[in-house]
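Residue numbers (the working numbering), protein chains in the order written: chain A, 228 to 650; chain B, 34 to 624. Backbone N, C-alpha and C fix where the C-beta goes; we use that ideal spot for every residue, glycine too.
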Amino acid sequence: MLAFIVRRVLGAITIVFLVVLLVFTLVHAIGDPAAATLGPNAGPEQLADFQRKYGLDRPLGQQLLGYLGVGGCVRGRRPAIVEDDLSAQLERAGLDVARPHRTSEESALPSSHGEITAELTKAGEAWELALVATDAGGAAQTFRASGNVDDLASEVAEPVAAHLGGGAVVVRRFDRGDRCGLLQGDLGESFGHNEPVADVIGHRLPRTLLLGAIALLFELLFGLSVGILAAVRRNTWVDTGLMSSAYLGISLPTFVTGPLFLFAFAFLYGWFPLGGYGVGFWDHVYHALLPAFTLAIIGAATYARIMRSELVDTLRSDFVRTAAAKGLPRHRVVGHAVRNALLPIVTMLGLSMTLLVAGAIITETIFGWPGMGALAIRAIVNLDAPTVMGVVVVFAVTVQTGNLLADIAVAALDPRVRLEKSG
Amino acid sequence: MTTPDPLKARRRADAIGCLVPLALAGAVVALLAATWPSPPEGPRWRGAGDAEPRSGGTFVFHHEENVRTLDPHIAYDELSGMAVRLMFDGLLDYDMESNLVPSLAEAMPEVSDGGKRFRFRLRRGVQFHPMPGHPEGRELTADDVRWSMERLLSNEVGSPGYPFYSAIEGAGEYHEGAADHVAGIRVIDRYTIEFQLTEADQTFLNAMAMTFAYPVPRENYAHWGEEVKFHPVGTGPFVFESWERDVELRFRRHTRYWDPQPNPDEMVFQENLNRELAALLFRNGDLDAIHRQSPSDYRFFRDAEQWADYRDEFPRVSTFGIGLNCEMEPFDDVHVRRAIAFAIDREGWNRARAGRLLPAGQILPPAIPGHDPDLPEAHRLDLDVAREEMRLAGHPDGLPEPITVWITGQDDTARTYGELLQHDLAQIGIEVRLRFVSFAVYLTESGKPNTAPAFFTGWNMDFPDPSNFLDILFHSRSIHPENSENRAFYRNDELDGILDQARSETDRERRLGLYRQANAIISRDAPWAFTYNPLSMELWQPYVKGYEPHPVWFEDYRNVWLDLPRERLTRRLTGRGASAPAVLFPAMGAL
Chain A
228 MLAFIVRRVL GAITIVFLVV LLVFTLVHAI GDPAAATLGP NAGPEQLADF QRKYGLDRPL
288 GQQLLGYLGV GGCVRGRRPA IVEDDLSAQL ERAGLDVARP HRTSEESALP SSHGEITAEL
348 TKAGEAWELA LVATDAGGAA QTFRASGNVD DLASEVAEPV AAHLGGGAVV VRRFDRGDRC
408 GLLQGDLGES FGHNEPVADV IGHRLPRTLL LGAIALLFEL LFGLSVGILA AVRRNTWVDT
468 GLMSSAYLGI SLPTFVTGPL FLFAFAFLYG WFPLGGYGVG FWDHVYHALL PAFTLAIIGA
528 ATYARIMRSE LVDTLRSDFV RTAAAKGLPR HRVVGHAVRN ALLPIVTMLG LSMTLLVAGA
588 IITETIFGWP GMGALAIRAI VNLDAPTVMG VVVVFAVTVQ TGNLLADIAV AALDPRVRLE
648 KSG
Chain B
34 MTTPDPLKAR RRADAIGCLV PLALAGAVVA LLAATWPSPP EGPRWRGAGD AEPRSGGTFV
94 FHHEENVRTL DPHIAYDELS GMAVRLMFDG LLDYDMESNL VPSLAEAMPE VSDGGKRFRF
154 RLRRGVQFHP MPGHPEGREL TADDVRWSME RLLSNEVGSP GYPFYSAIEG AGEYHEGAAD
214 HVAGIRVIDR YTIEFQLTEA DQTFLNAMAM TFAYPVPREN YAHWGEEVKF HPVGTGPFVF
274 ESWERDVELR FRRHTRYWDP QPNPDEMVFQ ENLNRELAAL LFRNGDLDAI HRQSPSDYRF
334 FRDAEQWADY RDEFPRVSTF GIGLNCEMEP FDDVHVRRAI AFAIDREGWN RARAGRLLPA
394 GQILPPAIPG HDPDLPEAHR LDLDVAREEM RLAGHPDGLP EPITVWITGQ DDTARTYGEL
454 LQHDLAQIGI EVRLRFVSFA VYLTESGKPN TAPAFFTGWN MDFPDPSNFL DILFHSRSIH
514 PENSENRAFY RNDELDGILD QARSETDRER RLGLYRQANA IISRDAPWAF TYNPLSMELW
574 QPYVKGYEPH PVWFEDYRNV WLDLPRERLT RRLTGRGASA PAVLFPAMGA L
């Protein structure tokens with residue numbers, strides 16, 4: 228069992244990583260985020276400033292490594308400012324500052340030079356700077372400063388200049404020391420919102436999860452009951468009727484049913500709120516009912532069809548016939564059969580995550596539900612690369628976790644699965 | 034006795050079963066048809082009929098995008114501006130005729146030193162909202178204005194407004210970090226502040242009326258640090274209360290506002306609310322004002338007689354057109370450009386858009402001084418002129434090669450415009466190939482020389498002055514190796530001279546005369562073939578008073594008051610109070 232879980236976890240991580248690679252390349256290949264963020268009224272200096280601040284002027288490979296947090300980060304705005312300030316002040320103190328890590332130019336460095344590596348950490352509201360300056364002779368000294376981000380550079384500039392003595396100095400690294408890069412769980416800073424992607428997503432993820440949970444509840448409730456009823460009454464008009472209704476359900480895309488339901492049940496009849504999110508938990512649930520129902524139709528129909536076919540098979544199996552022959556009441560026989568037929572439903576639950584996440588993008592937009600879906604669309608339109616990446620990573624992890632849990636559950640419930648897979 | 038044939042039974046079951054969804058659908062449709070409430074055409078509510086303006090109530094408005102920040106130094110998008118305008122004031126503002134008027138300043142500034150020095154006197158007794166350390170708020174002083182301007186100009190904040198103020202003496206050094214203060218900003222006394230520019234520039238007054246220059250209190254920024262964008266404090270008529278991210282912002286009336294006026298007690302700004310939903314909420318009376326409609330909602334509101342008194346339609350201060358790259362063939366020939374300008378059937382475009390466009394033949398929109406309604410050079414549909422220009426260009430039978438026009442947006446509207454252009458230019462023998470690109474790609478690529486030959490383009494004003502159109506879009510100074518604002522790559526020394534002269538001219542009439550001249554040159558040389566100024570429609574509820582779309586700020590709700598209590602005009606057939614069975618079975622309700 229353990230080996231099975233480990234193998235599945237490794238597989239999931241690989242898939243998430245491949246998704247990150249692919250989407251990162253795509254997002255950064257399709258246009259200039261600076262232009263998209265600042266709009267047509269921005270001048271050339273502003274665009275250049277923006278690109279420099281977010282590290283967009285570096286080669287794509289370096290940007291990717293930075294995003295992952297390998298060998299220096301894609302710097303958010305603030306750390307770049309400290310570095311710029313410090314360089315400016317050192318230059319004013321008579322030093323010749325080179326910053327090859329910013330420009331990826333190694334050329335034209337004088338043979339004898341000092342070096343600086345620095346790390347910025349955010350501790351609560353304050354920033355901390357730890358800077359190691361090595362002079363041309365190889366003597367290293369550490370300088371520390373903390374407080375307002377604006378004052379950090381001024382605090383250390385003088386002693387650093389004094390230690391280095393003059394001549395040329397190379398800034399080797401100037402990084403965020405705290406959570407930096409995806410590998411350390413940092414999603415970077417959103418271009419559009421000027422705040423950490425984790426915060427932007429943090430507001431919205433619970434909302435999407437709430438909507439998804441209610442939708443899943445609807446799917447199971449309607450799907451399973453319809454499927455069981457159809458199987459028990461198989462080959463009668465009840466069965467055919469329910470199954471063809473399920474067909475109808477699968478054929479109705481949310482972008483058709485959504486606006487229709489909204490207009491009829493929210494605007495005309497007024498049973499449900501007209502989109503939005505509401506204030507307070509129960510109000511959120513009330514607001515979620517109609518979008519969740521819209522989102523659940525296709526899933527419910529799928530569950531109904533799977534449940535029916537599984538249950539029909541199970542009802543034909545030997546143990547059911549034996550139970551019936553021994554005189555067990557019909558509802559108890561069906562009860563036993565249902566439990567055995569649930570196995571593929573558990574697998575389906577994992578896949579459901581994918582469908583719910585994908586469906587949420589359209590449904591949330593139609594119903595004005597302020598979740599991940601609406602965020603994803605806006606971020607893509609605005610080429611807000613860090614947010615797009617954040618959403619993709621969160622979605623990928625969600626889907627992989629869903630599948631993983633479903634697989635583990637199935638393996639736990641049915642020993643045959645883990646035997647086959649590890650055999 | 035015959036045993037029942039199982040196959041036959043199965044077939045019968047199938048036949049009946051197939052009818053079930055049909056019957057189900059039929060039943061639903063029948064039920065809906067029987068109980069379908071016809072929504073009222075007009076407003077559901079009307080006001081109490083009080084002529085006396087009064088304070089009180091809650092005003093609810095919306096935008097379909099997300100508010101990004103409440104820091105006026107950063108906010109550059111329309112909807113952040115809508116929120117900023119509620120909470121902050123500038124030294125200068127615009128009246129309903131787009132004229133600059135004093136706001137936090139006592140009067141318009143004294144100008145001296147040949148138009149390079151501006152001295153503002155502040156109104157006394159202007160109070161900031163309550164903030165950390167000042168639970169009652171405190172008075173605005175000249176030091177606040179100076180601190181705010183310096184924050185705006187600093188490199189660290191990265192304000193997109195910086196270029197508008199770079200003419201202040203010492204702004205560049207301060208921005209680079211080479212000076213501790215901006216030399217050209219001088220506090221004379223508690224209520225007097227002076228700005229020194231490096232060269233005479235009349236648009237500095239416009240810049241001082243932009244939201245970037247709205248004064249903020251230093252203590253609040255010191256207290257909140259980076260989080261200040263969620264804790265705005267200004268001098269405006271409304272005080273920030275709360276922000277449920279992506280859902281709504283709430284503001285309450287500022288009781289110590291320097292210019293007391295009747296206002297709602299509370300303002301609710303619903304963000305992230307798409308225009309289709311907003312239209313439905315508005316018709317229900319759940320939203321007090323809307324702007325921007327989907328095409329079908331637009332037609333509905335335009336044709337609904339009962340809304341006639343509560344709507345306004347006006348041109349936005351933007352101009353759209355087809356940009357023609359003057360450095361690329363065949364548009365390097367002025368005659369080809371003019372032929373295109375005179376072949377576009379602007380009225381036809383307007384018909385295709387249900388009358389939502391104002392046909393345009395010049396760069397300056399109607400609300401901008403310098404616009405000439407009778408401009409002889411203005412672009413219009415005249416196929417004789419267009420064919421004559423084609424002949425002058427040496428192509429009497431049309432262009433031998435098709436031209437490529439870049440177009441942004443994948444929606445039906447963009448596609449419609451593209452097809453209309455193809456149709457119009459076919460009349461003079463020009464075949465158009467459309468190239469669909471994303472907005473970001475358009476912005477980046479069309480700013481590079483010799484890249485985009487022709488493209489759908491447009492410009493929204495930053496402030497209502499002709500220089501904001503002419504200088505930025507057509508001066509040769511706006512041409513760069515990358516990110517040119519002059520995307521047509523139009524160069525004309527004569528025009529450059531006129532624009533430079535106008536920029537420093539202090540006499541209003543002479544200045545306008547120069548811009549009129551420049552406006553005519555641009556229409557004559559046609560670096561863009563102008564197409565339209567978009568019309569915008571806004572609606573408000575009958576009980577909303579004191580509102581008129583502002584010519585500069587558009588959705589500016591700071592002068593609104595509510596005529597309450599509102600009275601129900603049409604019975605809402607259903608509602609949150611109505612029970613479902615009563616709706617489903619009206620007959621039951623009647624019994």
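Below-8 Å beta-carbon distance, residue i vs any chain B residue
i	result
Leu501 of chain A	yes
Thr467 of chain A	yes
Ala606 of chain A	no
Val301 of chain A	For Val301 of chain A, the pLDDT reaches just 46, beneath the cut-off of 50, and the residue's location in the model is therefore unreliable, although a value from the coordinates is still provided. Judged by the 8 Å Cβ criterion, Val301 of chain A is not in contact with chain B.
Ser452 of chain A	no
Leu610 of chain A	yes
Tyr513 of chain A	no
Phe494 of chain A	yes
Leu274 of chain A	yes
Thr541 of chain A	no
Val506 of chain A	yes
According to DSSP, residues forming a beta bridge with residue i
i	result
Arg79 of chain B	B:Glu600
Thr91 of chain B	B:Glu299
Gly374 of chain A	A:Trp354
His324 of chain B	B:Glu571
Ile218 of chain B	B:Phe228
Pro582 of chain B	Paired residues: none, contrary to the question.
Tyr565 of chain B	B:Phe353 and B:Pro392
Pro135 of chain B	B:Leu125
Member of the options whose CA lies at the smallest distance from the CA of residue i
i	options	result
Gly462 of chain B	B:Arg420, B:Phe284 and B:Thr244	B:Arg420
Ala387 of chain B	B:Asp365, B:Tyr450 and B:Val249	B:Tyr450
Tyr576 of chain B	B:Ser88, B:Arg44 and B:Ala60	B:Ser88
Met470 of chain A	A:Met575, A:Pro486, A:Ala256 and A:Ser452	A:Ser452
Arg541 of chain B	B:Gly148, B:Ser511 and B:Arg379	B:Gly148
Arg219 of chain B	B:Arg184, B:Ser187, B:Trp180 and B:Ala240	B:Trp180
Gln702 of chain B	B:Val266, B:Val117, B:Asp457 and B:Arg152	Residue 702 of chain B is absent from the model: chain B starts at 34 and stops at 624.
Asn132 of chain B	B:Asn239, B:Asp366, B:Gly546 and B:Thr231	B:Asn239
Leu409 of chain A	A:Val561, A:Phe492 and A:Val247	A:Val247
Val565 of chain A	A:Phe546, A:Phe499, A:Met580 and A:Leu292	A:Phe546
Ala353 of chain A	B:Thr174, B:Ala200, B:Ala255 and B:Tyr127	B:Ala255
Pro406 of chain B	B:Asp415, B:Val418, B:Pro392 and B:Ala233	B:Pro392
Asn710 of chain B	A:Gly497, A:Val506, A:Pro486 and A:Asp510	Not covered by the structure: residue 710 of chain B. The range shown for chain B is 34 to 624.
Any chain A beta carbon closer than 8 Å to residue i
i	result
His513 of chain B	yes
Arg448 of chain B	no
Ala473 of chain B	yes
The alpha helix (DSSP H) enclosing residue i, as first and last residue numbers
i	result
Asp558 of chain B	Arg541 to Asp558
Trp370 of chain B	In the sequence as displayed, the identity of residue 370 of chain B is Arg instead of Trp. Taken as a continuous stretch (DSSP letters only), the alpha helix (DSSP H) holding Arg370 of chain B covers Val367 to Ala376.
Trp20 of chain B	Any answer about residue 20 of chain B is impossible in this case: the structure gives chain B only from 34 up to 624.
Asp342 of chain B	It is not in any alpha helix (DSSP H) - Asp342 of chain B carries neither H nor E in the DSSP assignment.
Ala63 of chain B	Pro39 to Thr68
Leu379 of chain A	Leu379 to Leu391
Opening and closing residue of the beta strand (DSSP E) in which residue i lies
i	result
Leu143 of chain B	Checking the sequence shown, residue 143 of chain B turns out to be Glu, not Leu. That run of the beta strand (DSSP E) goes Glu143 to Ser145.
Leu282 of chain B	Glu281 to Arg286
Ser275 of chain B	Phe271 to Glu277
Task: At least three beta-carbon pairs within less than 8 Å, the stretch 488-508 of chain B to the stretch 438-449 of chain B - done: A contact exists between the stretch 488-508 of chain B and the stretch 438-449 of chain B.
Task: Inter-stretch contact at 8 Å, needing at least 3 Cβ pairs: the stretch 75-91 of chain B / the stretch 227-244 of chain B - done: Remark: fewer than three beta-carbon pairs, one from each stretch, lie closer than 8 Å, so the stretch 75-91 of chain B and the stretch 227-244 of chain B are not flagged as touching.
TODO: Answer yes if the stretch 289-309 of chain B comes into contact with the stretch 523-530 of chain A, meaning at least three C-beta pairs across the two stretches below 8 Å, and no otherwise.
DONE: No: fewer than three Cβ pairs fall under 8 Å.
Task: Segment contact flag, the stretch 270-285 of chain A with the stretch 515-531 of chain B, C-beta cutoff 8 Å, min 3 pairs - done: Judged by Cβ distances under 8 Å, the stretch 270-285 of chain A makes contact with the stretch 515-531 of chain B, as three or more pairs qualify.
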